[in-house]
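The sequence shown begins at 75 in the working numbering and counts up by one.
Have a look at the structure below before the remarks.
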Amino acid sequence: MEAGEILVHRGLINQKQLDLARNSAGDSTRLIDSVVEKGMVSEEAALRAIGEEVGLDFVDLAATPIDLGLLKNFPQKLIHRQSLFPIRRENGSIVVATNDPFDLYPLDEVSAATGLNVIPVLAARAEIGKLIKAHLGVGSETVQGMIAATADDDAAVELLGDIETDGSELSEMAQEASVIRLVNEIMLEAIESRASDVHIESQASGVVVRYRIDGNLLPQPVPPEINRFQSAILSRLKIMSRLNIAEKRLPQDGRMKLKVQGREIDIRVSVIPMIHGEGIVMRILDKGAMKFDLRNLGMEQSTYEMFKELIQLPHGIILVTGPTGSGKTTTLYSALVEINSPDIKIVTTEDPVEYQLAGINQIQVHTKIGLTFGATLRSILRHDPDVILVGEIRDLETAENAIQASLTGHLVFSTLHTNDAAGAYTRMVDMGVEPFLVASTVEAVMAQRLVRRLCKECKEAYQPALRDLPRDFPVDQLAGRPLYRSKGCRACRNLGYVGRLGIYELMVTTDDVRQLAHDRASSWKVKQAAMAQGMASLRMDGWQKVLVGTTSIDEITTATKGDREPGLLKH
Numbered sequence: 075m076e077a078g079e080i081l082v083h084r085g086l087i088n089q090k091q092l093d094l095a096r097n098s099a100g101d102s103t104r105l106i107d108s109v110v111e112k113g114m115v116s117e118e119a120a121l122r123a124i125g126e127e128v129g130l131d132f133v134d135l136a137a138t139p140i141d142l143g144l145l146k147n148f149p150q151k152l153i154h155r156q157s158l159f160p161i162r163r164e165n166g167s168i169v170v171a172t173n174d175p176f177d178l179y180p181l182d183e184v185s186a187a188t189g190l191n192v193i194p195v196l197a198a199r200a201e202i203g204k205l206i207k208a209h210l211g212v213g214s215e216t217v218q219g220m221i222a223a224t225a226d227d228d229a230a231v232e233l234l235g236d237i238e239t240d241g242s243e244l245s246e247m248a249q250e251a252s253v254i255r256l257v258n259e260i261m262l263e264a265i266e267s268r269a270s271d272v273h274i275e276s277q278a279s280g281v282v283v284r285y286r287i288d289g290n291l292l293p294q295p296v297p298p299e300i301n302r303f304q305s306a307i308l309s310r311l312k313i314m315s316r317l318n319i320a321e322k323r324l325p326q327d328g329r330m331k332l333k334v335q336g337r338e339i340d341i342r343v344s345v346i347p348m349i350h351g352e353g354i355v356m357r358i359l360d361k362g363a364m365k366f367d368l369r370n371l372g373m374e375q376s377t378y379e380m381f382k383e384l385i386q387l388p389h390g391i392i393l394v395t396g397p398t399g400s401g402k403t404t405t406l407y408s409a410l411v412e413i414n415s416p417d418i419k420i421v422t423t424e425d426p427v428e429y430q431l432a433g434i435n436q437i438q439v440h441t442k443i444g445l446t447f448g449a450t451l452r453s454i455l456r457h458d459p460d461v462i463l464v465g466e467i468r469d470l471e472t473a474e475n476a477i478q479a480s481l482t483g484h485l486v487f488s489t490l491h492t493n494d495a496a497g498a499y500t501r502m503v504d505m506g507v508e509p510f511l512v513a514s515t516v517e518a519v520m521a522q523r524l525v526r527r528l529c530k531e532c533k534e535a536y537q538p539a540l541r542d543l544p545r546d547f548p549v550d551q552l553a554g555r556p557l558y559r560s561k562g563c564r565a566c567r568n569l570g571y572v573g574r575l576g577i578y579e580l581m582v583t584t585d586d587v588r589q590l591a592h593d594r595a596s597s598w599k600v601k602q603a604a605m606a607q608g609m610a611s612l613r614m615d616g617w618q619k620v621l622v623g624t625t626s627i628d629e630i631t632t633a634t635k636g637d638r639e640p641g642l643l644k645h
């Protein structure tokens, strides 16, 4: 009985679905792939059913101990070509995971190479792939030269734009098919992992690859042989980014545009020379995965409603503050998308323009030619805008032009680097802006941080001991209900978290706050006044997300280390 008949016999698919799958599949293995890809049945259910018919066990590799010592004498070409992976020794035999219950020839090769009897077990293709990447490294099959590129592999990552080379030996090496596939696989793995940045570093021990996922920098396993391709990898990335591959003494910045599985991906590239060679960092801007939706950023309902009112004011300045990588640009873009309509003209000046927004006029700052925030802001005012976004207020010129724009009837959005909302008023005064201008134009300041969301599949409930809770945790709101913490599972790559959300501190410029800002009061006094009038601090907002099980206590305490606990402000 072949694979399709087994699935019909087991009631997993019907005859009509089998006929449809057969039209796009050649052999039994491809038929299994076909029914899974078409969503007719899960891969695990299909393999379990077929395994029971042919007498093979199905194993969950994520929960199965692996004897990594077996890799030393296991033929790597079979790992990469046939998706086989050794699991353990068992009574003089070797247990090998495979995704194909009908191809026994590779198992005979394993037996011949190891001198052991082979006990095959079935496992999901993706889980075998994860083991290969985890223990042999990203791009290991390319480094070993064991996989011939197929048309699908080449199409997985497509560079949009022409390649320019200088004809040098290094340039030619960077254009070799194996190097191209290796770089493509590193980029593809990063994008599939939802990484925001890729770090390729030259260290004394060799090449180190790290991905930043949900704000955390995670080392990626790479085969040691990759060190021989270090120069070629860096040259390939430079060529893709239109940088000078011969220049190795000075920093360079570039960008590339890729098409990955039908999605356009913008990548900003920075190369810096270091003592062991050049280091390269790539910021991934995935247009297809990015959605600017103010309602779903993680604001509490009251904060969202207040902020939505503020962004519809006719004039004034609204600031968003926080450290680099705290989601300020996402909040501002979401605010612009929320208010964007044909009867409102919105103009932005940014450095750089990270995402292109439909219906919004965006300007790229070029400091080297004098096109600064301040200079563009003066020109923007002659384009009859209603709303202006200034990427960042960095200096007195930009601050004064933003204030002038708000005084002449425009709504201005911008960002500042301060630890909390109250610090924005004093920061602008420190820049040289008159306090009365700050007090009269700044309508609100939103401070924010990003925290990781607990994985919905594996987060576990627990009853906290009161002595272990932070001193400012709202114990009175616990009422005996559990809190949640990370555990780790296959869905979240054993991290315990998937994705991020914001925690927010929205300070509206009330009459009391306006007076304090006018009187050059300290940010501490401004914050005290705002909290006395009902403002929730970053930590207070964070605790609400802990109480509803969205994130963990550890995430809030880590993200708000610099935020003084509200109950301890007087100490």
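Think of the CB as a built atom: it goes at the ideal place given N, C-alpha and C, for glycine as much as any other residue.
Among the options, nearest to residue i - alpha-carbon criterion
i	options	result
V128	A120, L135 and D134	A120
G608	V582, D628, L590 and A591	V582
V231	D174, A208 and I260	I260
E246	L233, I307 and I265	I307
D271	Y285, L262 and A610	Y285
V439	G433, A432 and I454	I454
V427	L105, L406 and S596	L406
M364	I339, G372, P297 and E383	I339
E412	G203, D134, G433 and D425	G433
G448	D425, Q386 and A473	A473
L543	E466, V622 and I627	I627
Q537	E466, E379, P556 and N173	P556
G189	L144, N173, K204 and F176	L144
K442	R456, D425 and Q436	D425
G351	A535, K322 and I341	K322
L153	A591, L181 and L94	A small correction: the amino acid at residue 153 is Ile; Leu does not occupy that position in the sequence shown. For the residues A591, L181 and L94, the minimum Cα distance to I153 belongs to L181.
C563	T403, F303, E201 and L580	E201
E126	A251, A77 and E466	A77
L621	A595, E579, G554 and D593	G554
R456	T482, D593, F381 and I106	T482
Nearest-angstrom Cβ-Cβ length linking residue i and residue j, presumed shorter than 8 angstroms
i	j	result
A123	L86	6 angstroms
L490	T395	5 angstroms
T423	V464	6 angstroms
N475	L451	4 angstroms
R199	S267	About 18 angstroms separates the two Cβ atoms, so there is no contact after all.
M50	L233	Look at the range of the chain in this structure, 75 to 645, and you will see that residue 50 is not part of it.
F132	I206	Between I206 and F132 the Cβ distance is about 19 angstroms, and since that is not below 8 angstroms, they are no contact.
S309	F366	No, S309 and F366 are not in contact; Cβ-Cβ is about 36 angstroms, not under 8 angstroms.
L311	I354	6 angstroms
P175	L130	6 angstroms
Euclidean distance between Cα positions of residue i and residue j
i	j	result
P293	D586	49 angstroms
G390	V253	53 angstroms
D360	E629	25 angstroms
A136	A565	10 angstroms
L92	G280	50 angstroms
N88	M356	47 angstroms
I477	P388	14 angstroms
G506	E471	9 angstroms
T138	M330	40 angstroms
T631	E374	19 angstroms
I392	I385	8 angstroms
V192	R559	41 angstroms
L368	N318	40 angstroms
T172	T625	37 angstroms
A223	A197	At A223, the pLDDT of 40 sits below 50, so the modelled position is not reliable and the matter cannot be decided from this model.
I577	S611	9 angstroms
K635	K112	48 angstroms
D141	V110	29 angstroms
Q249	A187	35 angstroms
E508	I467	15 angstroms
is_contact[residue i, chain C] using C-beta, thresh 8 angstroms
i	result
P139	No chain C appears in the structure shown, which is made up of a single protein chain.
So, does the stretch 506-516 touch the stretch 613-620, judging by three or more C-beta pairs under 8 angstroms? no
Along the chain, which unbroken stretches of the alpha helix (DSSP H) at least 4 residues long are found entirely within the stretch 339-391? 375-384
Going residue by residue through the stretch 504-540, where are the continuous alpha helix (DSSP H) segments of at least 4 residues, counting only ones entirely within it? 509-515
What residue ranges within the stretch 275-331 form continuous alpha helix (DSSP H) runs of no fewer than 4 residues, ordered along the chain? 304-314
Extract the residue ranges of the beta strand (DSSP E) inside the stretch 413-479, only unbroken runs of 3 or more that lie entirely within it. 420-424, 435-438 and 461-464
Are three or more beta carbon pairs between the stretch 498-508 and the stretch 566-574 nearer than 8 angstroms? no
Tell me whether the stretch 326-337 and the stretch 273-287 touch, counting them as touching only if at least three CB pairs, one residue from each stretch, are closer than 8 angstroms. no
Can we say the stretch 459-478 touches the stretch 546-556, given the rule of at least three CB pairs closer than 8 angstroms? no
Using 8 angstroms as the Cβ pair cut-off and three pairs as the minimum, do the stretch 598-613 and the stretch 526-534 touch? no
Any contact between the stretch 530-539 and the stretch 152-168? By contact I mean 3 or more CB pairs, one from each, below 8 angstroms. no
I'd like the ranges of any alpha helix (DSSP H) spanning at least 4 consecutive residues and lying wholly in the stretch 581-635. 585-592, 597-606, 612-621 and 627-633
In chain order, what are the residue ranges of uninterrupted alpha helix (DSSP H) at least 4 long that sit wholly in the stretch 75-145? 77-83, 89-97, 102-111 and 117-128
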